[in-house]
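J.: One structure coming up, written as structure tokens, with questions to follow.
There are 2 protein chains.
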Amino acid sequence: MSDLNISKTSTTYRPVTCENCNLENLCMPKGLDKQEIGGLALLVNRNNIRQRGEAIYHAGSPFRGMIALRSGSAKLASFDQNGNELVVAFILPGEIVGFDGLATQLHNCTVTALETLNYCHLPAHKIEQLVINSPGLIYVLLQRSCNELDSQVQKMLMSRHSAEKRVANFILNISERLRVRGYSELEFRLSMSRKEIGNHLGIAHETVSRIIQLFQSRQFIEIKSKQLRIIDKKELFNFLQPIH
Amino acid sequence: MSDLNISKTSTTYRPVTCENCNLENLCMPKGLDKQEIGGLALLVNRNNIRQRGEAIYHAGSPFRGMIALRSGSAKLASFDQNGNELVVAFILPGEIVGFDGLATQLHNCTVTALETLNYCHLPAHKIEQLVINSPGLIYVLLQRSCNELDSQVQKMLMSRHSAEKRVANFILNISERLRVRGYSELEFRLSMSRKEIGNHLGIAHETVSRIIQLFQSRQFIEIKSKQLRIIDKKELFNFLQPIH
DNA sequence: AACAATTTTTGATCTAGCTCAATTTTCTAA
DNA sequence: TTAGAAAATTGAGCTAGATCAAAAATTGTT
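Protein sequences appear in the order of chains A and B.
Counted the way numbering that gives the first Met the number 0 counts, the first sequence spans residues 0 to 243.
Counted the way numbering that gives the first Met the number 0 counts, the second sequence spans residues 0 to 243.
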């Protein structure tokens, strides 16, 4: 496996190594024998690239399998009967998508690159093989999908809160996810537009803009276009407390 | 397995048979050999009972395993740091809960009986055994959890719509879920309170009440306390269309 | 059957955040 | 480097649905 050893404190999302990639537990899950690990390595296609705006898979198309993002970022979006987009999630390096096609064998969502990205791909037809040869890996996938469910419940909880809390939580959530992958948690690029943030959080993009400016004016954050620096994490956390 | 052959057109939620129970695919999934099926039958505890208000498991407690509801109904709820309840879902006969504890081994949610209910229980410690002995069953669980994710995305989509659309969709959703399990889709008991419906849909209970009265005044539905009859399904569907 | 507690309904007011509109800034591509 | 397009910001008014309040209906209990 080709590790790309690039500084982890970079302010943009750079390639993750196999060690901190979320595929880690798929490529080399604890408790699995070497045969299973070797088998998986043969099944995964590495080093796929998409440019900003290009899709990895489309809603309505046949299940492509699981995708692990190695660098860059993406959005996961669904569409209503009228074609209106709903941004379900933003995907950061080391994170996995594809669950939206697994149950029905048809993708429910579209995954679109927010900037140039690189991903690994476990094709759909090879998952059936894993059921027989590497049941432990399927169990890992089950745990991951339950993690996704937990996140969705978290988002549902946030949707009861004010727009200010939602934006504060959003910034802290991205920060934390970057941190656990070894990136800078205090300075990073928000590669999605205000409109996409608003869509995801269920608030108007004008409101997102106003709140970001508010946080900046209060010196909680500094933002230059898409480049964000968290100045006062504690104050952002305070926004999540009941009194606000 | 003891089948309880009770009329499926009953207006309250009665016991499901093994054939239409959602555990069906766990008890006797297609493509699994008899050894696996027999093995599972030994692992599942049947005929557990809870009275209205009693919990099957609590948020924060260790993962209890998977629960399949055989009769009655329940609510799945999470809580914020302040103790405010969020109704994540309502559970109908034949449906499964427990995914909220699988990833972290701690339950994220509480499941509470909305009326007397009966359930089957696959204990947590036996799931590990299934990974080795019945990998096909774990794959079925994975598909189920992905189905849950799909539903969550559906709910997220609905949250962008008006309160009227949300209530119309809620009624039609319950109706459809009862239908696929073989119950009457046009006449049933809404065992949850207006407050719980509102909590789940993200609207005030007063608003739920007003909209239900509106639907009744327009002769789309007839409601006596918790007993609901759908008079004009087509009109309810119309509410989901863009023009409204 | 009567009481108390809870839930539901209905009315009246209030407000967070949306929508519409007009600039300003940033990005893209020649 | 510059023009045109897209995104972000800022302002001002508007509205769906929240909140507050009070009455009516339902449910559970002795």
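All C-beta atoms in this analysis are idealised placements derived from N, C-alpha and C, irrespective of residue type, glycine included.
Every value quoted in this text rests on a predicted model; they were computed, and no experiment measured them.
Tell me which same chain residues have a C-beta within less than 7 Å of the C-beta of residue 244 of chain B, skipping the five on either side of it?
T.: Outside the shown range of chain B, which is 0 to 243, sits residue 244 of chain B, and nothing can be said about it.
J.: Kindly give me the distance between the Cβ atoms of residue 248 of chain B and residue 90 of chain B, rounded to whole angstroms, as I take these residues to be in contact under 8 Å.
T.: Since the first residue of chain B shown is 0 and the last is 243, residue 248 of chain B is not available in this structure.
J.: Distance, Cα to Cα, residue 61 of chain A vs residue 50 of chain B?
T.: Counting from 1 along the first sequence, the entry for residue 61 of chain A is found at position 62. Counting from 1 along the second sequence, the entry for residue 50 of chain B is found at position 51. Spanning the two alpha carbons is a distance of roughly 44 Å.
J.: Using a Cβ cut-off of 8 Å (strictly closer), state whether residue 233 of chain A contacts chain B.
T.: If you number the first sequence from 1, residue 233 of chain A lands on position 234. It does not; no Cβ of chain B falls within 8 Å.
J.: Grouping DSSP H, G and I as helix and E and B as strand, with all else coil, what is residue 155 of chain B?
T.: In the second sequence, the residue the question calls residue 155 of chain B occupies position 156. DSSP places residue 155 of chain B in helix when its eight states are reduced to three.
J.: Starting from the Cα of residue 123 of chain B, find the closest Cα among B:203, B:42 and B:194 and give me that residue.
T.: The count along the second sequence starts at 1 and reaches residue 123 of chain B at position 124. Closest option to residue 123 of chain B, Cα to Cα, is B:42.
J.: Just mark residue 169 of chain B as buried or exposed, buried being the case when its beta carbon has 16 or more other beta carbons within 10 Å.
T.: As a position in the second sequence, residue 169 of chain B is number 170, starting the count at 1. Classification of residue 169 of chain B: buried, given that the 10 Å Cβ count is 16 or more.
J.: Does DSSP put residue 87 of chain B in a helix, in a strand, or in coil?
T.: Counting from one through the second sequence, the residue named residue 87 of chain B turns up at place 88. DSSP places residue 87 of chain B in strand when its eight states are reduced to three.
J.: Can you list, in chain order, the residues of the region 79–96 of chain A whose Cβ is nearer than 7 Å to any Cβ on chain B?
T.: Correct list: 79, 81, 85 and 87.
J.: Identify whether residue 222 of chain A lies in helix, strand or coil by the three-state DSSP scheme.
T.: Working through the first sequence from its first residue, we reach residue 222 of chain A at position 223. In the structure shown, residue 222 of chain A sits in a strand (DSSP, three-state: E or B).
J.: For residue 174 of chain A, which of helix, strand or coil comes out of DSSP?
T.: Locating residue 174 of chain A in the first sequence gives position 175, counting from the first residue. Three-state result, residue 174 of chain A: helix.
J.: I'd like to know if residue 118 of chain A contacts chain B, where contact means its C-beta is closer than 8 Å to some C-beta of that chain.
T.: As a position in the first sequence, residue 118 of chain A is number 119, starting the count at 1. Cβ-Cβ to chain B under 8 Å: no for residue 118 of chain A.
J.: Three-state secondary structure (DSSP) at residue 55 of chain A?
T.: To locate residue 55 of chain A, count along the first sequence from 1; it is residue 56. Three-state DSSP puts residue 55 of chain A in a strand.
J.: Are residue 138 of chain A and residue 137 of chain B touching if we call contact CB-CB under 8 Å?
T.: For this step, residue 138 of chain A is matched to residue 139 along the first sequence. For this step, residue 137 of chain B is matched to residue 138 along the second sequence. In contact: residue 138 of chain A and residue 137 of chain B (Cβ atoms closer than 8 Å).
J.: Would you report the Cα separation of residue 162 of chain A and residue 84 of chain B, rounded to the nearest angstrom?
T.: By one-based count along the first sequence, residue 162 of chain A stands at place 163. By one-based count along the second sequence, residue 84 of chain B stands at place 85. If I take the Cα positions, the gap works out to 20 Å.
J.: Using 10 angstroms around the beta-carbon of residue 1 of chain B, count the other beta-carbons present and answer buried if the total reaches 16, otherwise exposed.
T.: Within the second sequence, the letter at position 2 stands for residue 1 of chain B. Residue placement at residue 1 of chain B is flagged as unreliable, the pLDDT there being 36, under the threshold of 50; the coordinate-derived value follows with that caveat. Exposed: under 16 other Cβ atoms inside 10 Å.
J.: Expressed to the nearest angstrom, what Euclidean distance is found between the alpha-carbon atoms of residue 129 of chain A and residue 184 of chain B?
T.: Residue 129 of chain A sits at position 130 when you count from the first residue of the first sequence. Residue 184 of chain B sits at position 185 when you count from the first residue of the second sequence. Going from the Cα of residue 129 of chain A to the Cα of residue 184 of chain B covers about 39 Å.
J.: In the DSSP assignment, find the alpha helix (DSSP H) that holds residue 124 of chain A and state where it starts and stops.
T.: Start at 1 with the first residue of the first sequence, and residue 124 of chain A comes out as number 125. Residue 124 of chain A -> alpha helix (DSSP H) spans 123–132.
J.: What distance in whole Å lies between the Cβ atoms of residue 102 of chain B and residue 145 of chain A, which are believed to be in contact at a cut-off of 8 Å?
T.: One-based indexing of the first sequence puts residue 145 of chain A at position 146. One-based indexing of the second sequence puts residue 102 of chain B at position 103. Right, their Cβ atoms sit about 4 Å apart.
J.: Please list the partners that residue 141 of chain A has in chain B, where partner means a Cβ-to-Cβ separation under 8 Å.
T.: Here residue 141 of chain A refers to the residue found at position 142 when the first sequence is read from its first residue. In chain order: 101, 137, 140, 141 and 144.
J.: Mind checking residue 97 of chain B: buried by the 16 CB within 10 Å criterion, or exposed?
T.: Your numbering for residue 97 of chain B matches position 98 in the second sequence. The residue is buried, with at least 16 neighbouring Cβ atoms inside 10 Å.
J.: Starting from residue 47 of chain B, follow the beta strand (DSSP E) in both directions and report where the run begins and ends.
T.: The residue given as residue 47 of chain B occupies position 48 in the second sequence. Taken as a continuous stretch (DSSP letters only), the beta strand (DSSP E) holding residue 47 of chain B covers 44–49.
J.: Quick check on the burial criterion: 16 or more other C-beta atoms within 10 angstroms. Buried or exposed for residue 199 of chain B?
T.: Looking up residue 199 of chain B in the second sequence gives position 200. So residue 199 of chain B ends up on the buried side.
J.: Cutting at 7 Å between CB atoms, please list the residues of its own chain near residue 126 of chain A, excluding the five before and the five after it.
T.: Counting from one through the first sequence, the residue named residue 126 of chain A turns up at place 127. The answer, listed in chain order, is 64.
J.: Between which two residues does the beta strand (DSSP E) carrying residue 66 of chain A extend?
T.: Sequence index remark: in the first sequence, residue 66 of chain A carries index 67 (1-based). It spans 64–70 - the beta strand (DSSP E) in which residue 66 of chain A sits, taken as one unbroken run.
J.: With 8 Å set as the bound, which would you pick, yes or no: does the beta-carbon of residue 148 of chain A sit closer than that to a beta-carbon of chain B?
T.: Within the first sequence, numbered from 1, the residue matching residue 148 of chain A stands at position 149. Output row for residue 148 of chain A: interface = yes.
J.: The region 152–185 of chain A: which residues have C-beta closer than 8 Å to a C-beta of chain B, in chain order?
T.: If the cut-off is 8 Å between Cβ atoms, the region 152–185 of chain A has 152, 154, 155, 156, 158 and 159 near chain B.
J.: Answer with buried or exposed for residue 236 of chain A, where buried requires no fewer than 16 other C-beta atoms within 10 angstroms of its C-beta.
T.: Looking up residue 236 of chain A in the first sequence gives position 237. Its Cβ having fewer than 16 others within 10 Å, residue 236 of chain A is exposed.
J.: Excluding the 5 residues preceding and the 5 following residue 176 of chain B in the sequence, name in chain order all residues of the same chain whose CB lies nearer than 8 Å to its CB.
T.: Taking the second sequence and counting its residues from 1, one reaches residue 176 of chain B at position 177. Closer than 8 Å at Cβ, skipping near neighbours: 91 and 94.
J.: Could you pull the DSSP bridge partners for residue 163 of chain A from this structure?
T.: Locating residue 163 of chain A in the first sequence gives position 164, counting from the first residue. None, per the DSSP bridge assignment.
J.: Helix, strand or coil: which one does DSSP assign to residue 216 of chain B?
T.: For the purposes of this step, residue 216 of chain B is taken as the residue at position 217 of the second sequence. Three-state result, residue 216 of chain B: helix.
J.: Counting only beta-carbon atoms, is residue 237 of chain B nearer than 8 Å to chain A?
T.: If you number the second sequence from 1, residue 237 of chain B lands on position 238. No, no contact with chain A.
J.: What residue range does the alpha helix (DSSP H) around residue 193 of chain B cover?
T.: Within the second sequence, the letter at position 194 stands for residue 193 of chain B. That run of the alpha helix (DSSP H) goes 193–200.
J.: Let's test the definition: count the other Cβ atoms within 10 Å of the Cβ of residue 106 of chain A and tell me whether it reaches 16, buried, or not, exposed.
T.: If you number the first sequence from 1, residue 106 of chain A lands on position 107. Buried, because 16 or more other Cβ atoms sit within 10 Å of the Cβ of residue 106 of chain A.
J.: Start and end of the beta strand (DSSP E) containing residue 75 of chain A?
T.: Position 76 of the first sequence, counted from the first residue, corresponds to residue 75 of chain A. Where residue 75 of chain A is concerned, the enclosing beta strand (DSSP E) stretches over 73–78.
J.: In terms of residues, what are the limits of the alpha helix (DSSP H) holding residue 187 of chain A?
T.: Your numbering for residue 187 of chain A matches position 188 in the first sequence. Counting along the chain, residue 187 of chain A falls outside any alpha helix (DSSP H), though it belongs to the beta strand (DSSP E) covering 186–188.
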